[in-house]
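**Student:** One structure, pasted below without further comment.
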Amino acid sequence: MKKSLFAFAALVVASVGFAVAAEKIESGLEKGTGVPAFNVKDVTGPNKDGDELCYRCRYGAQPVVTIFAKEMTDEVAALTKALDGVVAKNRDQKMAGFVVLMTDNAEKGAASLKAAAEKNKIEQLPLTTFDGTEGPKGYKINPKADITVMMWVESKVKVSQGFVKGDLSKEAIAKLVSETKQILE
């Protein structure tokens, strides 16, 4: 009886732990919200040798997917690679995107972005750095979120989702890829 009770208690604790780990994190602008301008330093894109620029401004009303990350992890690189493919397939709809590494050390961050772009053959999405780990002012990046993905079209947010490190699974990446339909309709 004690063994059964212990096994049941362990199952309950494991279930609660899983529910907490998979908890949805609200991060980024709310659906329907306008997307404010902000500057980044291009590391791998067409402006990599230039000054800071505003990709949000450059892309205007186009369908855009943006990944805000605190670190270029393998899971962020996998998401970036998957979305890079979606952008490549939807160039006829003028789909665009970019990755924003939010960092207090732009030089170190730039090195990790260059390595990820080369290793994963990321060609469509410019990888950029943003000065500061909190993200652009007004973007409501949750401090608990290691990764925030936002998608917009006509400068209005359609998708906004936050993740903690380790929760960006293959299934979550596939779901985000499918959600790009919301900005391509």
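Residue numbers for the sequence shown, in our numbering: 1 to 185.
Beta carbons are placed, not taken as given, at the ideal position from N, Cα and C, and that holds for glycine.
Just so we're clear, the structure is a prediction, and the values are computed from it rather than from any experiment.
Under the three-state reduction of DSSP, which class applies to residue 184: helix, strand or coil?
**Tutor:** helix
**Student:** So, with DSSP's three-state summary, where would you put residue 122?
**Tutor:** coil
**Student:** Could you check whether residue 72 and residue 113 sit closer than 8 Å to each other, using their CB atoms as the reference points?
**Tutor:** Yes; because the gap between Cβ atoms is below 8 Å, this pair is in contact.
**Student:** What is the DSSP secondary structure of residue 127, reduced to helix, strand or coil?
**Tutor:** strand
**Student:** Can you name the residues that DSSP bridges to residue 60?
**Tutor:** DSSP output for residue 60 lists no bridge partner at all.
**Student:** Once you ignore the five residues that flank residue 175 on each side, which residues in its own chain have a CB closer than 8 Å to its CB?
**Tutor:** none
**Student:** If contacts are defined as beta-carbon pairs under 8 Å, then residue 156 and residue 33 qualify, I think. What distance do you get, rounded to the angstrom?
**Tutor:** 7 Å
**Student:** So, helix, strand or coil for residue 168, using DSSP?
**Tutor:** coil
**Student:** Note the first and the last residue of the continuous beta strand (DSSP E) segment covering residue 97.
**Tutor:** 96-103
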